[in-house]
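Chains as they are written, first to last, in the working numbering: chain A, 569 to 1053; chain B, 3 to 361.
Structure follows, in structure tokens:
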């Protein structure tokens, strides 16, 4: 791939880049135009986009695995969101708050999501070839059942007496205010606590891998294991000790990290990583390994420099990031990456590429598809919990309605298509889609003097992006088929 | 032996149709037993049957030509809305009323129908060409094209340069109102035309005649040479191609006809409703139409006029009879919209699951 690219002229390179990224470029241009028209404050836009990024990305990352397994865009993540919402009713009823409440929500919603995902997977197996429309209709159908459950069965059929849940004798309240129980329960975890938690998780993981390797007599690298233990321990200790050092505690011990600090931290981290790589491998000049070191170093310098520019620094200073939420997003992305390389992930990929080949290779196609759907549904349930703890309020009956639409539109904006979606596309897509979401209404207000139109513009974009992207993909596929025939 | 026979009978009728029919009968009987005014609800069922009939009929050509239920019927619907608004804008009804008293509303309605039929035919042809590019994913694409068309038109309605006082907002002065009254154009025209009472039941003759007339026209169309070619292209494209039929062209014709029926359907619907609702009102209509024809016994690949008529009647009957009954039984609750959501989408899901998959 690289070799063929190198031989091309710059003009061709640009042309290729444009045609490969046309959806992304279109949205970048649109966003810039909207920002220019609206004259919006960049700090405000950046703050909004980052907060929406933290809220939505997990849900979008839930779409990647079913896509790999050939199920297309899983509009059925709506049922995962419903599982999350049901678990919140229990938590509110029992009166759990904060992190324990959130963890209990996760624990309650997971089995529900697994059950829903299994049923969804069975439906998808019955509707092969039209999973997307089936997922969409399933979302509406499930929303109907959920409405029956929340408005009539709770308190109606199931006797229930809790003023926190019911407000007119039967049927749940129209909206739940999560302030005081779940709101910001994850967002408010400090960077230092996050570091300690991640360190402990890493230590446990390395221990499990080491013991597993030893038990089955696979080659274990004791030296590497010790190094990993030390690295994990350093992170844990940093998290604990950091709270006692005033400078670190004021920067990283608060419930949000200021973006400017995060950028500096990232730059230092990259630089340290580059130096470690260089010392460890001592690559000769010009080799790919050397270029890698150089790339990290340059990136670090660029981050430093941007932070020094007063205008940019002002924007950086105004954005506050939730540490743990970003760690969860990274975990979701890492999980997707990890799964691809497992045996199960490889099976999913085979099933996604060609079902008959997969069958003849001895893969249980239907089962693999059900597992993919289950994973996606569980991730969606957790993603919805992250979403709701950030939003802090939820509309009992309708909250899940647009989950599928916005998530799918976002990942498609990032350049994904029905057959291939990656973490990178999800991240880019969320940023672009939500930038437009924030600035389009502002631009519309500026242009026509009425912000009511912005809702239509948003919805038109969301549906339009999906329609265009599906049509483009389907026509490509149709063209191939016609050529083959 | 008998078990087999029962199973065969159920298969022949179709499980969802059976369930919905039994549910409908149960509700009607419950209503009758509980002294609910069945006759007046039956009258409304007839009226709503007429209002929805042609919209549901729009599903027929698209299923017959092999595209499947047209979730994107909203393309036709917005054309119909535009035609109606233009008829009001140009003051057709009052102008003609001045020359030929009594014919104003008719002229207005036919103006709207003809204008939007032409418009939607053109839109339908473009839409059909798009759908020919996306063979195999038609249902997904139609759904999203339909939705985005509605929101695109929302933007248009919001700033469209109409200046008739009946269309624009009373105070703002720009853009289309949420609901435009059709009182001065053709509201309730067909509902009241030749209407009569059989005992307590009011028969809206005009609107039922309109449905039967258009159904008859579609029936005849599918008996014509083109119609047969469309059916052939839909049921067996390979065979049709071998016998010299241009399959892609037939699909375009089918979907264009479907779009035109959608446009006419919304005009008939609006006259029965008395108001025109622009903006997001048509969002749910596509799904209701699809569910109706499926309840009538159609599948995603086969449909008849009888499926349309039976399905529309059952669906509308269910929607009209459920609220009073649920209100009576569960004192003060209206469970009907939730039931509608579950039944409507459940029926569509069932039909999707019955269709043989892509491999």
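Ideal placement from N, C-alpha and C gives every residue a C-beta, glycine not left out. Given the structure is predicted, the values throughout are model-derived calculations rather than measurements.
query, result
"Examine chain B for any beta-carbon lying closer than 9 Å to the beta-carbon of residue 888/A, and answer yes or no.", "no"
"Could you check if residue 647/A is buried or exposed, using at least 16 other CB atoms within 10 Å of its CB as the buried criterion?", "buried"
"Reducing DSSP to helix, strand and coil, say where residue 1049/A ends up.", "Note that residue 1049/A scores a pLDDT of 49, beneath 50, so its modelled location is shaky and nothing firm can be said."
"How far does the alpha helix (DSSP H) with residue 596/A in it reach, from first residue to last?", "590-606"
"With a threshold of 9 Å between beta carbons, is residue 1049/A in contact with chain B?", "Low confidence applies here, because residue 1049/A scores a pLDDT of 49, under 50, leaving its location unreliable; read the following figure in that light. Residue 1049/A counts as touching chain B."
"Just checking, does the region 290-301 of chain B make contact with the region 313-320 of chain B on the three C-beta pairs under 8 Å criterion?", "yes"
"Short of 7 Å in beta carbon distance, which residues of its chain neighbour residue 150/B, apart from the five on each side in sequence? Order them along the chain.", "none"
"Does the beta carbon of residue 926/A sit closer than 9 Å to a beta carbon anywhere in chain B?", "no"
"Who are the Cβ neighbours of residue 732/A in its own chain at under 6 Å, not counting the five residues just before and after it?", "660"
"Which class does residue 153/B belong to by DSSP, given the choice of helix, strand or coil?", "helix"
"What does residue 355/B reach in chain A if we use C-beta pairs closer than 7 Å?", "691, 694 and 695"
"Just to confirm, are residue 31/B and residue 326/B a CB contact at a threshold of 9 Å?", "no"
"List the residues of chain B whose Cβ lies closer than 7 Å to the Cβ of residue 700/A, in chain order.", "142"
"So, is residue 76/B buried or exposed, given that buried needs 16 or more other C-beta atoms within 10 angstroms?", "buried"
"Please go through the same chain and pick out, in chain order, the residues whose beta-carbon is closer than 8 Å to the beta-carbon of residue 864/A, but skip the five residues on each side of it.", "838, 839, 841, 842 and 845"
"If you draw a straight line from the alpha carbon of residue 52/B to that of residue 152/B, how long is it in whole angstroms?", "24 Å"
"Do you know offhand how far residue 162/B's Cα is from residue 94/B's?", "19 Å"
"Quick one: is residue 361/B near chain A, going by C-beta distance under 9 Å?", "Only weak support is given to the placement of residue 361/B: the predicted model assigns it a pLDDT of 39, under 50, and the value that follows is read from those uncertain coordinates. Answer yes: the Cβ-Cβ gap between residue 361/B and chain A drops below 9 Å somewhere."
"Work out the CA separation of residue 998/A and residue 606/A for me, nearest whole Å.", "21 Å"
"Whose C-beta lies closer than 7 Å to the C-beta of residue 169/B among residues of the same chain, with five residues either side of it excluded?", "87, 90, 91, 178, 179 and 182"
"Using 10 angstroms around the beta-carbon of residue 649/A, count the other beta-carbons present and answer buried if the total reaches 16, otherwise exposed.", "buried"
"Give, in chain order, every unbroken run of the beta strand (DSSP E) that is at least 3 residues long and sits entirely within the region 937-991 of chain A.", "961-963"
"What's the call for residue 245/B, buried or exposed, on a 16-neighbour Cβ count within 10 Å?", "exposed"
"Residues in the same chain with beta-carbon distance under 8 Å from residue 239/B, minus the five sequence neighbours each way, listed in chain order, please.", "68 and 249"
"What number of angstroms, rounded off, separates the C-alpha of residue 868/A from the C-alpha of residue 769/A?", "27 Å"
"Mind checking whether residue 758/A and residue 823/A have CB atoms under 9 Å apart?", "yes"
"In the DSSP assignment, find the alpha helix (DSSP H) that holds residue 905/A and state where it starts and stops.", "891-908"
"Is it buried or exposed for residue 49/B, if we count other Cβ within 10 angstroms and need 16 for buried?", "buried"
"Does the distance from the C-beta atom of residue 136/B to that of residue 294/B stay below 9 Å?", "no"
"Classify residue 698/A: buried if its beta carbon has 16 or more other beta carbons within 10 angstroms, exposed otherwise.", "buried"
"Residues in the same chain with beta-carbon distance under 7 Å from residue 6/B, minus the five sequence neighbours each way, listed in chain order, please.", "none"
"Here's the rule: buried if 16 or more other CB atoms are within 10 angstroms of the residue's CB, otherwise exposed. What is residue 360/B?", "Confidence in residue 360/B is poor, its pLDDT being 42 and thus under 50, which makes the residue's placement unreliable; the coordinate value appears in the next sentence. With fewer than 16 Cβ atoms within 10 Å of its Cβ, residue 360/B is classed as exposed."
"Got a sec? Which residues, its chain only, sit under 8 Å from residue 134/B by beta carbon, not counting five neighbours each side?", "250, 253 and 254"
"So, at 6 Å on beta carbons, what are the nonlocal neighbours of residue 596/A in its own chain, with the 5 sequence-adjacent residues on each side left out?", "none"
"Need the endpoints of the alpha helix (DSSP H) that residue 829/A sits in, please.", "827-849"
"On the CB-based measure, 16 or more other CB atoms within 10 Å of its CB, does residue 918/A come out buried or exposed?", "buried"
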